[in-house]
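Residue numbers (UniProt numbering): 1 to 383.
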């Protein structure tokens with residue numbers, strides 16, 4: 001792999017699209033109604049996933065569109081409702097626990113453990129939220145970076161519980177392993193939160209300090225990578241000097257992300273077109289038509305490029321886009337960005353080809369280095 005391809009790969013490692021350590025694939029069962037009992041069997045919490053159980057951006061959503069919960073108390077041979085209402089999770093929490101006096105703690109968002117502001121959410125005995133905590137409020141940032149993870153989730157801990165008296169939530173937190181080929185943590189540490197306030201309870205800092213010392217080798221290794229990756233992210237992006245398919249995919253993703261002020265860390269939709277004898281064959285043309293007609297629900301940019309970057313194929317790609325745009329519904333891509341890998345001589349033709357779709361055209365010129373966006377540079381300085 002040449003230097004530019006390596007730099008691009010490191011960029012994607014940093015933002016989580018191409019993990020530097022082995023990352024497990026995610027296999028999510030569809031969310032379903034779950035019931036959680038308190039240790040004494042007196043309280044029962046039933047959680048119903050939202051009606052639209054699809055992954056969403058990790059931000060607050062209206063209460064009527066979140067998971068719903070019902071707390072009941074045993075009375076004789078039956079159950080009496082104590083409270084009913086929304087939880088903070090857009091889809092559902094993968095796990096919850098109930099104390100012997102009817103308090104509730106939920107853990108993580110469905111499809112994204114360890115991410116977002118709802119890693120731990122505490123509720124009182126009448127269903128009012130006490131506090132919502134993200135992982136950055138529970139653990140140091142360098143500790144979190146060293147934790148094992150999958151494609152979408154951080155394996156930060158499991159088997160959390162309430163203390164016997166219900167006054168504390170006991171988090172069983174993973175200790176990072178210095179073996180970068182192992183998914184298993186080096187062990188676990190128990191960190192206690194006050195159940196009535198969500199604040200760190202007595203002994204939290206001492207236990208965390210011991211875990212940090214044990215995790216120090218893994219944290220140090222990760223920190224070296226992190227600093228190097230941040231330096232790469234600050235640097236201008238250069239196109240690969242090879243024709244490797246994966247190197248170009250990584251370059252195209254990061255290039256479009258840098259040129260799209262609304263991209264955030266969202267990956268664009270890549271459309272690599274195989275040119276046949278200087279033209280797009282019929283299946284490839286139909287693929288372009290289908291993409292322009294049905295871009296999907298995701299709002300990220302679309303990227304069109306040939307398999308490699310010979311200038312002779314750019315004319316054919318632009319011609320194929322123009323033909324496909326005539327077949328696709330007019331204005332279907334209004335509000336969407338479409339990035340096309342073309343040089344300056346062909347850029348105006350590419351923009352004209354896509355004009356009927358209503359898309360915002362973005363040129364990707366591999367001969368030009370692409371600077372990092374100012375807001376990303378500011379964030380790197382703050383981190």
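Cβ coordinates follow ideal geometry from the N, Cα and C atoms, glycine included.
Where DSSP assigns a beta bridge to residue i, which residues make up the other side?
| i | result |
| --- | --- |
| residue 34 | 47 |
| residue 110 | DSSP lists no partner for residue 110. |
| residue 74 | 79 |
| residue 190 | 172 |
| residue 95 | 107 |
| residue 370 | 237 |
| residue 123 | 104, 129 |
| residue 256 | According to DSSP, which records beta bridges pairwise, residue 256 is partnered with nothing at all. |
| residue 361 | 338 |
| residue 305 | 272 |
| residue 85 | 69 |
| residue 157 | 173 |
| residue 162 | 169 |
From residue i to residue j, what distance separates their C-alpha atoms?
| i | j | result |
| --- | --- | --- |
| residue 379 | residue 233 | 11 Å |
| residue 197 | residue 166 | 13 Å |
| residue 377 | residue 143 | 23 Å |
| residue 94 | residue 108 | 6 Å |
| residue 323 | residue 303 | 17 Å |
| residue 287 | residue 316 | 15 Å |
| residue 343 | residue 115 | 39 Å |
| residue 137 | residue 211 | 16 Å |
| residue 83 | residue 32 | 20 Å |
| residue 353 | residue 294 | 17 Å |
| residue 178 | residue 126 | 43 Å |
| residue 329 | residue 292 | 8 Å |
| residue 261 | residue 249 | 20 Å |
| residue 325 | residue 356 | 6 Å |
| residue 199 | residue 38 | 22 Å |
| residue 124 | residue 195 | 8 Å |
| residue 382 | residue 331 | 40 Å |
| residue 170 | residue 86 | 24 Å |
| residue 395 | residue 103 | Nothing can be reported for residue 395: it is not among the residues displayed for the chain, which extend from 1 to 383. |
| residue 80 | residue 173 | 35 Å |
| residue 160 | residue 70 | 21 Å |
| residue 375 | residue 76 | 60 Å |
| residue 341 | residue 348 | 12 Å |
| residue 251 | residue 139 | 33 Å |
| residue 208 | residue 247 | 40 Å |
| residue 129 | residue 78 | 27 Å |
| residue 40 | residue 88 | 26 Å |
| residue 224 | residue 61 | 37 Å |
Among the options, whose alpha-carbon lies nearest the alpha-carbon of residue i?
| i | options | result |
| --- | --- | --- |
| residue 384 | 92, 121, 137, 356 | Because the chain spans 1 through 383 in this model, residue 384 falls outside it and cannot be assessed. |
| residue 99 | 119, 63, 144, 42 | 42 |
| residue 339 | 305, 346, 288, 116 | 305 |
| residue 151 | 342, 177, 61, 111 | 111 |
| residue 132 | 140, 73, 120 | 120 |
| residue 384 | 290, 240, 199 | With the chain covering only 1 through 383, there is no way to say anything about residue 384. |
| residue 30 | 163, 52, 188 | 52 |
| residue 270 | 257, 261, 262 | 257 |
| residue 313 | 326, 346, 97, 331 | 346 |
| residue 373 | 331, 153, 80, 254 | 254 |
| residue 158 | 193, 327, 113 | 113 |
| residue 117 | 102, 90, 104, 103 | 90 |
| residue 164 | 61, 201, 70, 101 | 101 |
| residue 226 | 202, 141, 207, 187 | 141 |
| residue 213 | 187, 202, 106 | 187 |
| residue 168 | 185, 201, 285 | 201 |
Looking at chain C, is there any beta carbon in it that lies within less than 8 Å of the beta carbon of residue i?
| i | result |
| --- | --- |
| residue 326 | Among the chains of the structure shown, chain C does not appear; only one protein chain is present. |
Below 6 Å CB to CB, which residues in the same chain sit around residue i once its five sequence neighbours on both sides are set aside?
| i | result |
| --- | --- |
| residue 359 | 333, 336, 338 |
| residue 230 | 380 |
| residue 278 | Low local confidence applies: a pLDDT of 48 at residue 278 is under 50, so the model's placement there is unreliable, and no value is given. |
| residue 362 | 259, 337, 339 |
| residue 48 | 33, 68 |
| residue 134 | 117, 119 |
| residue 63 | 86 |
| residue 122 | 105, 130, 131, 198 |
Got a sec: does the ligand HEM put a non-hydrogen atom nearer than 7 Å to the Cβ of residue i?
| i | result |
| --- | --- |
| residue 41 | The model depicted lacks the ligand HEM and carries no ligand whatsoever. |
Quick one: residues in its chain with C-beta nearer than 8 Å to the C-beta of residue i, no 5 flanking neighbours on either side, listed in chain order?
| i | result |
| --- | --- |
| residue 146 | 176, 215, 218, 219, 221, 222 |
For residue i, which residues of its own chain have a beta-carbon under 7 Å away from its beta-carbon, when the five flanking residues on both sides are left out?
| i | result |
| --- | --- |
| residue 236 | 369, 370, 371 |
| residue 36 | 45, 96, 97, 98 |
| residue 204 | 191, 192 |
| residue 327 | 289 |
| residue 351 | 361 |
* Using 8 Å as the Cβ pair cut-off and three pairs as the minimum, do the region 354–369 and the region 231–247 touch? -> By the C-beta criterion, the region 354–369 is judged to be in contact with the region 231–247, since at least 3 inter-stretch pairs fall below 8 Å.
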